[in-house]
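Novice: Anchor point for the sequence shown: position 37 equals 36 in numbering that gives the first Met the number 0, and the numbering is continuous, going up by one each time.
From the three backbone atoms N, C-alpha and C, an ideal C-beta is built for every residue, glycine too.
Remember, predicted model here, so these are calculated numbers, not experimental data.
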Amino acid sequence: MNIHPELEALVTEAQTTGTLRGLPTRHFIDGAPQSAVGGAVMDTFDPGTGRVFASFAAGDSHDVDRAVRAARRAQTGPWSVMAPAERGRILHRAAELIRAHAHRLAVVETLDSGKRLSEALGDVAGAAGCFAYYAGACDKLQGDSIPLGSDYLAYTVNEPVGVTAHIIPWNYPLSTAARGLAPALAAGCTVVAKPAEQTPLTALMLAELLAQAGVPPGACNVVTGTGRDAGAALVRHPDIHHITFTGSVSTGIDVMRAAAPNITRLVLELGGKS
């Protein structure tokens, strides 16, 4: 079997050292890596060996609030008012960057989640395809005119819902992140993602690639940490306007309960088989 030299080198490095150089280890907030406010860190383990291969920021409500405030600023700033065609060009560029970094993303996904490298490569390709698809939708989110007779002018306008929160599961970290972030960004929303504490790294890598593609500071933020500390703070935050969650039924119930006082819109995907 022929293997790409870059992929072979990354696999060799991971097998030899148990990790990779240059992994993201801090939150991505307001366009830059940022340590946890309290300085706390957590370890992530390679399920194939049981060894720690990276440490990352352990966020709490203070980090979540910092990320949401950055997303609010970006929501009233350049991203939501940008010409839809320009948003589309940026998301197309993001898809290209994901493809360009496919080998590194796949190896990190394998180290983080324990899935086979061949499956991780497929997940990366799917994530790139997701951004390419929604890039094409940016300038096609149109309103309607409604005929009510000559005495009336009636029409609808589609507007970004606002700041969106995305709780990402451990089994398909990059795929689920792309599936949630791409349509939200295409619509002109800003995002705060909280990946599972077992698999935080590819979401951080994705945020860095989106920034390289031209997504402005604050439009895409990633806060890492536990569901108890970071996830719970995110779903109950009063400045979150929409939540997507993939996970268990019991946790989904907790998410609904936390979002209820703010009447936050929800999309829940519950009870998977992994």
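1) Considering just the uninterrupted stretch of the beta strand (DSSP E) at Gln33, what are its terminal residues?
2) Can you look up Pro168 in the DSSP assignment and give me helix, strand or coil?
3) At which residues does the beta strand (DSSP E) containing Met41 begin and terminate?
4) Per DSSP, what are the beta-bridge partners of Lys193 in this structure?
5) So, Leu96 versus Leu208, is the Cβ gap smaller than 7 Å?
6) Could you check if Arg50 is buried or exposed, using at least 16 other CB atoms within 10 Å of its CB as the buried criterion?
7) Sort Val63, Asp42 and Asp138 by Cα distance to Arg88 and report the nearest one.
8) Just to confirm the assignment, what range does the beta strand (DSSP E) spanning Val221 have?
9) Go ahead and pull the three-state DSSP assignment for Arg25.
10) Between Arg86 and Phe27, what straight-line distance do the alpha-carbon atoms span, to the nearest angstrom?
11) In this structure, how does DSSP classify His241 when only helix, strand and coil are distinguished?
12) Quick one: what does DSSP say Gly246 is sitting in, helix, strand or coil?
13) Using a beta-carbon distance below 7 Å, is Gly47 in contact with chain D?
14) Pop quiz: Ala212 and Ala84 are said to be a contact at Cβ under 8 Å. What is the actual Cβ separation, rounded to whole angstroms?
15) Between which two residues does the alpha helix (DSSP H) harbouring Arg92 extend?
16) Where does Val160 fall in DSSP's three states?
Specialist: In short, the structure shows the following:
1) Ala31 to Gln33
2) coil
3) Val40 to Phe44
4) Note: Lys193 sits in a beta bridge opposite Ile166.
5) yes
6) exposed
7) Asp138
8) Cys219 to Val221
9) coil
10) 20 Å
11) His241: strand per DSSP, three-state reduction.
12) strand
13) Structure shown: chain D not included; a single protein chain is present.
14) Going by Cβ atoms, the distance from Ala212 to Ala84 rounds to 15 Å, so no, they are not a contact pair.
15) Pro83 to Ala99
16) coil
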